[in-house]
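Asker:
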Amino acid sequence: MVKKQQGYRTSIIHAGTSRETGNVPSAPPIIPSATFVMPPDHVDAYTDPTYDWSRHVEEAESVTEYARHSNPTVRMLEKKVAAAEGADSAAVFGSGMAAASAVLLHRLRAGDRLVLADVCYVAVSEFAHDTLSGLGVEVVRVDPTDLEAVQSAATSNTKLIYIESPTNPIMRLTDIAAVAEIARSVGAETVVDSTFATPLATRPLDLGADWVIHSLTKYFSGHGDALGGAVVGSKDRIRALWQDSRIKQGGVLSPFDAWLIARGMDTLPIRMAVHETSAFAVARFLEAHPKVIRVMYPGLPSHPQHELAKRQMANMSGMLTFQVDDGPKLARIMARHLEVFQFAVSLGQQRSLLFYLPEERIGQPPFHLSETALRGYKTYAGNGIFRVSIGLEDAEDLCGDLAACLSHMP
Ligand SMILES: *Cc1c(COP(=O)(O)O)cnc(C)c1O
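The sequence shown: position 230 = 932 (this note's numbering), numbered continuously.
Here you go:
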């Protein structure tokens, strides 16, 4: 019998879970054990003087020794994440930042150049400037929508080009295929933080990227009750990362959080469909509102990169930003009067969240923006933005909540 390729939702739900029959649990178990009893044939093998220790890593995938190396619940999540990205392999970490810093520390050495998007997740920006520069890595910031600038920044000592699409918080997109081609032309690798997009929108590996990073805390978990991160890539790359970062740096994910995220992931495809539909409804409502100056949502024709969004995002996701004349005033009103949204950072969960990012904050050290980068930032974020994560509530309630707050504005 020829095995039929499973559908996308089936593969996410079933990847990494047991197909045993009989008196076995239907739901995947949580295995919190820190260590695992060694099977006798494994002990026989490695006590043999001719044992090939280079095989040890490969065997660690089937023989679990110690939970910092591998754990069955964590392994299940890794198979689900790989299935979601249509990739060979994934390694999960204790947070999105643990995943991002693992790849950066794994691939970069003193004297190497990192080409980093001028606007990216703020902790990545800080890590590059404070930690990587301190280790002798040359960090060069570019506007990744300016492909000529990316090309000229990509010198022969460039090891990684690191981008994020759409970018947190300004909703700017990057043409992943174009940047990956530039990276390849100088023998560098491309890293894409795809947290905002999710694999429902974009598969960076199919576009030529080498590494994909997700904050699993966001859409993958989907319920705002667990922190986690993932790196996705080819089997060889993930194995080397796993040995280097997971085993030596040790930023592992706990089995309980892996279990929560795996549980959330089963509904990732259907949740993303609802996030997208509601985000469209809220984006259109805001765009039509007289007190709103501008809305940034990749799904709207008014987004400056809408054509790229149509090409690169099969789902427009649930993230948007908007601007009003007096952002600080609306922020203070919202913090007191919102009834459905929560005024909180983070994103990608069932509850809708929003927060306000004032212009003054952007010019400050953690963002490390040059004058030109700041100008680029402002073309997307004006004098301050509300970043909105559309949850799974009814879209009419979300629009009503925003309308009530906007009605307090002069
Ligand atoms: C949240 C986030 C991260 C960091 O993830 P944590 O799980 O909070 O460590 C990285 N990149 C993006 C785009 C994010 O939104």
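Cβ atoms here follow ideal geometry from the backbone N, Cα and C, with glycine treated the same way.
The structure displayed is predicted, hence computed values, not measured ones.
Around the C-beta of residue 1014, are 16 or more other C-beta atoms found within 10 angstroms, so that it is buried, or is it exposed?
Answerer: On the sequence shown, residue 1014 is found 312 positions in, with the first residue counted as 1. By the neighbour-count rule (16 or more Cβ atoms within 10 Å), residue 1014 is buried.
Asker: I'd like to confirm something about residue 799: is its beta-carbon nearer than 6 angstroms to some heavy atom of ligand 1, or not?
Answerer: The count along the sequence shown starts at 1 and reaches residue 799 at position 97. Within the cutoff, so yes.
Asker: Under the criterion of a Cβ to heavy atom distance below 6 angstroms, does residue 1086 qualify as lining ligand 1?
Answerer: As a working note, residue 1086 is residue 384 in the sequence shown. The answer is no for residue 1086.
Asker: Hey, is residue 833 close to ligand 1, as in C-beta under 6 angstroms from one of its heavy atoms?
Answerer: Walking along the sequence shown from the start, residue 833 turns up at place 131. Every heavy atom of ligand 1 is 6 angstroms or more from the Cβ of residue 833, so no.
Asker: Below 7 angstroms between beta carbons: does that hold for residue 930 and residue 943?
Answerer: Counting from 1 along the sequence shown, the entry for residue 930 is found at position 228. Counting from 1 along the sequence shown, the entry for residue 943 is found at position 241. No.
Asker: Measure from the alpha carbon of residue 853 to the alpha carbon of each residue in 886, 997, 836, 968, then state which is nearest.
Answerer: The residue you call residue 853 lines up with position 151 of the sequence shown. Ranking the options by Cα distance to residue 853, first place goes to 886.
Asker: Whose CA, out of 971, 837, 924, 991, lies closest to the CA of residue 960?
Answerer: For the purposes of this step, residue 960 is taken as the residue at position 258 of the sequence shown. The option with the nearest alpha carbon to residue 960 is 924.
Asker: Going straight from the alpha carbon of residue 920 to that of residue 1105, what length do you get?
Answerer: To locate residue 920, count along the sequence shown from 1; it is residue 218. To locate residue 1105, count along the sequence shown from 1; it is residue 403. Whole-angstrom Cα-Cα distance: 26 angstroms.
Asker: Distance check for residue 813 and residue 1061, CA to CA, integer angstroms please.
Answerer: Reading the sequence shown from its first residue, position 359 is the one you call residue 1061. Reading the sequence shown from its first residue, position 111 is the one you call residue 813. Taking the straight line from one Cα to the other gives about 34 angstroms.
Asker: Since residue 966 is in the alpha helix (DSSP H), which residue starts that stretch and which ends it?
Answerer: Here residue 966 corresponds to residue number 264 of the sequence shown, with the count starting at 1. Start and end: 957 to 967.
Asker: If the criterion is Cβ atoms closer than 7 angstroms, does the pair residue 953 and residue 825 meet it?
Answerer: Taking the first residue of the sequence shown as 1, we reach residue 953 at position 251. Taking the first residue of the sequence shown as 1, we reach residue 825 at position 123. Cβ distance not < 7 angstroms, so residue 953 and residue 825 don't count as in contact.
Asker: If you pair each beta-carbon of the region 966 to 976 with each one of the region 1069 to 1086, do three or more pairs fall below 8 angstroms?
Answerer: no
Asker: Could you check whether the Cβ of residue 952 sits closer than 6 angstroms to any heavy atom belonging to ligand 1?
Answerer: On the sequence shown, position 250 is the one that residue 952 refers to. Shortest gap from the CB of residue 952 to any heavy atom of ligand 1: 6 angstroms or more.
Asker: In terms of residue numbering, what span does the alpha helix (DSSP H) encompassing residue 1031 cover?
Answerer: Against the sequence shown, residue 1031 aligns to sequence position 329. Note, residue 1031: alpha helix (DSSP H), 1029 to 1039.
Asker: Which residue from 1063, 958, 875 puts its Cα closest to that of residue 736?
Answerer: The sequence position of residue 736 within the sequence shown is 34, counting from 1. With respect to the C-alpha of residue 736, the residue from 1063, 958, 875 having the closest C-alpha is 958.
Asker: Taking 8 angstroms as the threshold, find out whether the region 773 to 788 comes into contact with the region 1027 to 1043 through three or more Cβ pairs.
Answerer: Short answer: they don't touch.
Asker: Over what stretch of residues does the beta strand (DSSP E) that includes residue 722 continue unbroken?
Answerer: As a working note, residue 722 is residue 20 in the sequence shown. From DSSP, residue 722 is part of no beta strand (DSSP E); its letter is neither H nor E.
Asker: Going by the DSSP bridge assignment, what does residue 895 pair with across the sheet?
Answerer: Along the sequence shown, one-based indexing puts residue 895 at 193. BP columns for residue 895 point to 866, 915.
Asker: Who are residue 817's beta bridge partners in DSSP?
Answerer: As a working mapping, residue 817 is identified with position 115 in the sequence shown. According to DSSP, residue 817 bridges with 842, 863.
Asker: Excluding the 5 residues flanking residue 1042 on each side, which residues of the same chain have their C-beta closer than 7 angstroms to its C-beta?
Answerer: Start at 1 with the first residue of the sequence shown, and residue 1042 comes out as number 340. Once the five neighbours on either side are set aside, the close Cβ partners of residue 1042 are 1054, 1095, 1099, 1100, 1103.
Asker: Mapping DSSP to helix, strand and coil, what is residue 1060?
Answerer: As a position in the sequence shown, residue 1060 is number 358, starting the count at 1. Residue 1060: strand per DSSP, three-state reduction.
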